[in-house]
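Okay, so here's the structure we're looking at.
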Amino acid sequence: MSLIDWNKLTITEPPVLPRELLRNFKKGIDGAFRDFSRSYGEALENFFNPLLMFLKWFQDLLVSTPWPIILLIIGGLSWIGSRSWKMSLGAVLAFVAIGWMDMWEDTMATLAIVSVATLLCIAIGIPIGIWMSRSDRAQRIITPVLDVMQTIPSFVYLIPVVMLLGIGKVPGLLAVMIYASPPIIRLTNLGIRLVDAEVLEAADAFGSNYRQKLFQVQIPLALPNIFAGVNQTIMMSLSMVVIAAMIGVPGLGVPVLRAVSNQYLALGLMNGLAIVAIAIIFDRVSQAYGKRLQKHREGDHGV
Amino acid sequence: MIKKSLTKLAIAATLATAGTAAFADCGDVQIAEMNWASAELMANVDKIILENGYGCNVELVPGATMTSFASMNEKGQPDVAPELWINAVRDPLNAAMDEGRLHSTNAGPITQLGEGWWVTPAFQAAHPELDTVVKILERPDLFPDAEDSSKGAFIGCPAGWGCQLANANLFRAFDMEAKGWTLVDPGSAAGLDGSIAKAGDRGENWFGYYWSPTAMVGKYGLIPIDFGVPFAGTDNWDGCIVKPEQDCADPQASAWTVSEVHTIITDSLKNKGGIAVDYLEARTYPGPIMNAMLVYMGEEQAGGEDAAIEFLMQHEDLWSSWVSADAAAKIKAGL
Numbered sequence: 013m014s015l016i017d018w019n020k021l022t023i024t025e026p027p028v029l030p031r032e033l034l035r036n037f038k039k040g041i042d043g044a045f046r047d048f049s050r051s052y053g054e055a056l057e058n059f060f061n062p063l064l065m066f067l068k069w070f071q072d073l074l075v076s077t078p079w080p081i082i083l084l085i086i087g088g089l090s091w092i093g094s095r096s097w098k099m100s101l102g103a104v105l106a107f108v109a110i111g112w113m114d115m116w117e118d119t120m121a122t123l124a125i126v127s128v129a130t131l132l133c134i135a136i137g138i139p140i141g142i143w144m145s146r147s148d149r150a151q152r153i154i155t156p157v158l159d160v161m162q163t164i165p166s167f168v169y170l171i172p173v174v175m176l177l178g179i180g181k182v183p184g185l186l187a188v189m190i191y192a193s194p195p196i197i198r199l200t201n202l203g204i205r206l207v208d209a210e211v212l213e214a215a216d217a218f219g220s221n222y223r224q225k226l227f228q229v230q231i232p233l234a235l236p237n238i239f240a241g242v243n244q245t246i247m248m249s250l251s252m253v254v255i256a257a258m259i260g261v262p263g264l265g266v267p268v269l270r271a272v273s274n275q276y277l278a279l280g281l282m283n284g285l286a287i288v289a290i291a292i293i294f295d296r297v298s299q300a301y302g303k304r305l306q307k308h309r310e311g312d313h314g315v
Numbered sequence: 103m104i105k106k107s108l109t110k111l112a113i114a115a116t117l118a119t120a121g122t123a124a125f126a127d128c129g130d131v132q133i134a135e136m137n138w139a140s141a142e143l144m145a146n147v148d149k150i151i152l153e154n155g156y157g158c159n160v161e162l163v164p165g166a167t168m169t170s171f172a173s174m175n176e177k178g179q180p181d182v183a184p185e186l187w188i189n190a191v192r193d194p195l196n197a198a199m200d201e202g203r204l205h206s207t208n209a210g211p212i213t214q215l216g217e218g219w220w221v222t223p224a225f226q227a228a229h230p231e232l233d234t235v236v237k238i239l240e241r242p243d244l245f246p247d248a249e250d251s252s253k254g255a256f257i258g259c260p261a262g263w264g265c266q267l268a269n270a271n272l273f274r275a276f277d278m279e280a281k282g283w284t285l286v287d288p289g290s291a292a293g294l295d296g297s298i299a300k301a302g303d304r305g306e307n308w309f310g311y312y313w314s315p316t317a318m319v320g321k322y323g324l325i326p327i328d329f330g331v332p333f334a335g336t337d338n339w340d341g342c343i344v345k346p347e348q349d350c351a352d353p354q355a356s357a358w359t360v361s362e363v364h365t366i367i368t369d370s371l372k373n374k375g376g377i378a379v380d381y382l383e384a385r386t387y388p389g390p391i392m393n394a395m396l397v398y399m400g401e402e403q404a405g406g407e408d409a410a411i412e413f414l415m416q417h418e419d420l421w422s423s424w425v426s427a428d429a430a431a432k433i434k435a436g437l
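Protein sequence lines, in the order shown, are assigned to chains A and B.
Residue numbering for the first sequence is 13 to 315, as defined by my numbering.
Residue numbering for the second sequence is 103 to 437, as defined by my numbering.
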C-alpha cells in the first residue's frame, strides 16, 4: 500500500497518508493505550494510592484546621519569607477577604494541591536540574522533553491520565506537575552552570572534592536562580488550578468552571481573583526570600 | 405494428404522467440538519429516503434547536425538524400546534432516549439482581470511591451544567449520603467520559449520570437503570429538583423526568407530503442502533451523509419497515 494518497496530491494539498492507513494508525495507538491501561492501570493506581491518601489527608487537615490558626501560619510564613510586616499583614487580610467572600474551603483545597505539587516538583526537579548541569548529554536529552511538557496543550494529556488513573486528585496533581516542573529544572541547571569558573578554580585549589564543590560552592551560589525556579513553579501550578478542576480536583477552579458555563460574572471574577491573591502572596514572599539570598551573596563577595 | 407501438407508447406515457404526479405531490422539502451527530444522521437518512423512495427534492438546512424552531414557527421553513428536543421550546411549540401551523409526526423518533443513571455492563453481568437505583443504593461497597473506599462513588454531572443541580438534589432525595455514598464531581464532560472509558475498558463497576443517544453509551454499552420509584410529579421536578439546593428544601425521590423529542413538520408539508409523511410517522430508531451509529461516526469520523449511507446499508430490515415495499426497492437500488 502506498504511503501517500496520490489522488489527493495537488499543488495546494500536501502529500497525505491514505485515509484508511491514517485511521488504522490512530486506532492502533488508541488500542495500544487501552491494552496498557487494562494491564497496568490498576497497578499504577495502587502505586499512587499513598499519594492520594496523603493529598486527601492534607486537604482535610487544612479544611478542618481552625481559621485563626491558618491565618497565623499564613502571616508567620510571610514574615519568615519576606521579613516585612506589610507583606504579612497584606497576606492575612487577603485570606480574611477570601473567607469573608465564602471561598475558604475551596481556597484550602487549592492550597493543598498547589503546595503538594510544588514540593514534589522541587523534590524531583532539583536533582534532575543538578544532573543536567553535570552532563551535557543529559541536558541535550532533557531540554526538548521540557519544551514538550511546557508547550503541549494540557487537554492532550488529561484524557490519557484520566483513563489510567480515573478522575480526582492524583491525575490532577500529575497534570499540574507536568506543566509546573520545567522551570525549577531549567533554572537549577542554569544557576549551577552560571557559577563562575574562577570560583570553581578556587575551590579546586583549596582541594575540595566533587561533593564539596557541588554542595558547598555551586548549589549555594545557584540558590537565587533556583529560587526563581521555585517561584515560577508555584505560579505555574496555580495557573493550572482551573484545568485540574476539569478532571475533578476540588478547589477554586470548580466555581470558575461553573461560572464559565453559566455566565456567572461575579462568581468567576471572585474565584479568579482569589487565585490571583494567593499567587501574588506566594510570588512576593518567595521573591523577597530570593532577594535576601541574593543580598547575602552580595555581602560575601562585595559585588 | 405502428398502431401497437403507439398504444404501448400511450400506455407508457399515461404511466409516466401518473408516476410524476405522485412524485410531484412531495416537491421541494427542506430538512433541518441540527448540529449534533444523531440529528445529522437522521436528517441525511430522511434526505436519502425521501429523495430516492418518494421522489422529493430535499435540501438540508443547517440549524440548531432554537434557531430552526424559530424559523419553522415564523416562516414555515424548513419543513422538517427530525429530532427536536421539546423541553427548550415547549410553550411556543404547543401554541403553534394548537393553531395548526406545526405538527408532530412522531413523539419518539429515537427510543430509550434521555437522561438518567447508568451502569457499566460489567456491573450488570455480575449483579443482574440489582436492577433498580433503589436496590443499587443498598450496595455502595460495589462502587468504592478512590479517595475513601468505605464509600460508594456516584459520578454526577460536571460543575455548572443544569443536570448538576438535579443530580445533587436527587442525591439528597434518595438519602444517599446516609447510605454511604459520595457524589463525585467529574469536573467536565471530558472528566465524565474519561471515568466511563476507564471503567468500561477495564471491566470495572461504574455508576453515574449520563444520557442517550450518545456514542459513549454505544461504545461502552452503558445500561440505563430504572429508578425503582415513579416520577414524583412535575411540581417536585420543576419546582425543586432542578433548582439550587437552597430553593429545594424537601426533594422527593423520583425517576428522571422524561425528555421529549419529536419529529416536527410544517402544515404545508403535512398537506402536500402524502405518503412521505407516513414515512416520517413510521421511522423510529431503536436506541442501541442509534448509539452504535454514533460510535461509528466517532470512530470513522464520518459526517452525516456517510453515516446515513452506512445506516441504510447495514440496517435494511429496520428501515424497510418504515417505507412501502415499492419505495424500499427504489431506495435500495439508489444505494
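Glycine included, every Cβ here is placed at the ideal spot set by N, Cα and C.
Of all Cβ atoms in chain A, is any one closer than 8 angstroms to the Cβ of B:TRP283?
No, its Cβ sits nowhere closer than 8 angstroms to a Cβ of chain A.
List, in chain order, every chain B residue whose beta-carbon is nearer than 7 angstroms to that of A:MET258.
Within chain B, the residues near A:MET258 are GLY289, SER290, ALA292 and GLY293.
Could you give the distance in angstroms between the alpha-carbon of B:GLN403 and the alpha-carbon of B:ASN307?
Going from the Cα of B:GLN403 to the Cα of B:ASN307 covers about 29 angstroms.
Endpoints, alpha helix (DSSP H) assigned at A:GLY241
Per DSSP, A:GLY241 belongs to the alpha helix (DSSP H) from 231-251.
Around the Cβ of A:ASN237, are there at least 16 other Cβ atoms within 10 angstroms (buried) or fewer (exposed)?
Counting C-beta atoms within 10 angstroms of its own C-beta, A:ASN237 has 16 or more neighbours from the protein chains shown and is therefore classed as buried.
If I measure Cβ to Cβ from B:GLN266 and keep anything under 6 angstroms in the same chain, skipping five residues before and after, which residues do I get?
If the five residues before and after B:GLN266 are omitted, its C-beta is found closer than 6 angstroms to the C-beta atoms of CYS259, all from its own chain and listed in chain order.
In whole angstroms, give me the CA-to-CA distance for A:TRP91 and A:ALA271.
Roughly 35 angstroms between the two C-alpha positions.
Neighbour flag for B:TRP138 against chain A, beta carbons, 8 angstroms
With 8 angstroms as the cut-off, B:TRP138 does not count as an interface residue toward chain A.
List the whole-angstrom C-beta distance separating B:GLY293 from A:GLY260, where the pair is believed to meet the contact cut-off of C-beta under 8 angstroms.
Confirmed, about 5 angstroms.
For B:PRO194, which residues in the same chain have their Cβ closer than 7 angstroms to its Cβ, ignoring the five residues on either side in sequence?
So the qualifying residues of the chain are ASN175.
Taking its Cβ as the centre, do 16 or more other Cβ atoms sit within 10 Å of B:SER297, making it buried, or is it exposed?
B:SER297 is buried by the Cβ-count criterion.
Between B:GLY400 and chain A, is the shortest Cβ-Cβ distance under 8 angstroms, so that the two count as touching?
No, no contact with chain A.
Expressed to the nearest angstrom, what Euclidean distance is found between the alpha-carbon atoms of B:ASP247 and B:ALA139?
Roughly 33 angstroms separates the two Cα atoms.
Using a cut-off of 8 angstroms between C-beta atoms, extract the partners of A:LEU56 located in chain B.
Per Cβ cutoff of 8 angstroms: no residues; A:LEU56 is ~11 angstroms from chain B at best.
Per-residue contacts from A:MET175 into chain B (C-beta, under 8 angstroms):
Near A:MET175 (Cβ distances below 8 angstroms), the residues of chain B are GLY296, ALA299, LYS300 and ASP303.
Just to confirm my understanding: we take A:PRO78, look at its own chain, exclude 5 residues before and 5 after, and list those with CB closer than 7 angstroms. What are they?
There are no such residues.
CB-CB under 6 angstroms to B:ILE150, same chain, minus the five flanking residues each way: which ones, in chain order?
ALA410.
Going by beta carbon distance, what residues of the same chain come within less than 7 angstroms of A:ASN19, once the five residues before and after it are set aside?
Here the set comprises nothing.
Pick helix, strand or coil for B:PHE225, following the three-state DSSP scheme.
When DSSP states are grouped into helix, strand and coil, B:PHE225 belongs to the helix group.
Considering just the uninterrupted stretch of the alpha helix (DSSP H) at B:LEU232, what are its terminal residues?
Unbroken run through B:LEU232: none, as it is neither H nor E.
Output the residue ranges of the beta strand (DSSP E) runs that lie fully inside the segment 141-209 of chain B and measure 3 residues or longer, sorted by chain position.
Counting only runs of 3 or more, we get 159-165, 182-187 and 204-208.
Tell me the DSSP secondary structure of B:GLU135 in three-state form.
It is a strand residue.
For a test of the three-state rule: what should DSSP assign to B:ALA355, helix, strand or coil?
For B:ALA355, the secondary structure class from DSSP, reduced to helix, strand or coil, is coil.
Enclosing beta strand (DSSP E) for B:ILE367 [first to last residue]
Start and end: 363-368.
Find the residues of chain B that neighbour A:ALA46, judging by a C-beta separation of less than 8 angstroms, and give them in chain order.
Checking the sequence shown, residue 46 of chain A turns out to be Arg, not Ala. From the beta-carbon of A:ARG46, the residues of chain B found nearer than 8 angstroms are ASP303.
To the nearest angstrom, report how far apart B:ASN208 and B:VAL286 are at their CA atoms.
Taking the straight line joining both Cα atoms gives about 37 angstroms.
For the alpha helix (DSSP H) holding B:PHE333, just list the boundary residues, first then last.
Judged by DSSP secondary structure, B:PHE333 falls outside any alpha helix (DSSP H); it is assigned neither H nor E.
Assuming contact is defined by CB atoms lying nearer than 8 angstroms, are B:GLY330 and B:VAL235 in contact in what I supplied?
Yes, the Cβ-Cβ distance between B:GLY330 and B:VAL235 is below 8 angstroms.
Residue from B:GLN132, B:CYS128, B:GLY155 and B:GLY129 whose Cα sits closest to the Cα of B:LEU435
Per the sequence shown, the amino acid found at residue 435 of chain B is Ala instead of Leu. Out of B:GLN132, B:CYS128, B:GLY155 and B:GLY129, B:GLY155 has the C-alpha closest to the C-alpha of B:ALA435.
Could you pull out every residue in the same chain whose Cβ sits closer than 6 angstroms to the Cβ of B:ALA124, ignoring the five residues on either side in sequence?
Low local confidence applies: a pLDDT of 44 at B:ALA124 is under 50, so the model's placement there is unreliable, with the coordinate-based value given in what follows. Closer than 6 angstroms at Cβ, skipping near neighbours: no residue.
Listed by chain order, chain A residues near B:TRP263 by CB distance under 8 angstroms:
Within chain A, the residues near B:TRP263 are SER273.
Per-residue DSSP class, three states only, for A:TYR301
Note: A:TYR301 maps to helix in three-state DSSP.
Note down, one range per segment and in chain order, each alpha helix (DSSP H) of at least 4 residues found wholly within the segment 76-159 of chain A.
Contiguous alpha helix (DSSP H) elements confined to the segment 76-159 of chain A occur at 79-94, 97-112 and 116-146, taking only those with 4 or more residues.
Within chain B, partners of A:VAL266 - CB distance below 9 angstroms
What A:VAL266 touches in chain B: ALA261, GLY262, ASP287 and GLY289.
Residues of chain A with CB closer than 9 angstroms to the CB of B:ALA248, please, in chain order.
Ordered by position in chain A, the residues that pass the 9 angstroms Cβ test against B:ALA248 are GLU57, ASN61, LEU64, LEU177, GLY178, ILE179, GLY180, LYS181 and VAL182.
Whole-number beta carbon distance between A:ALA240 and A:ILE204, since they are thought to touch under 8 angstroms:
Incorrect: roughly 13 angstroms between the Cβ atoms, too far for contact.
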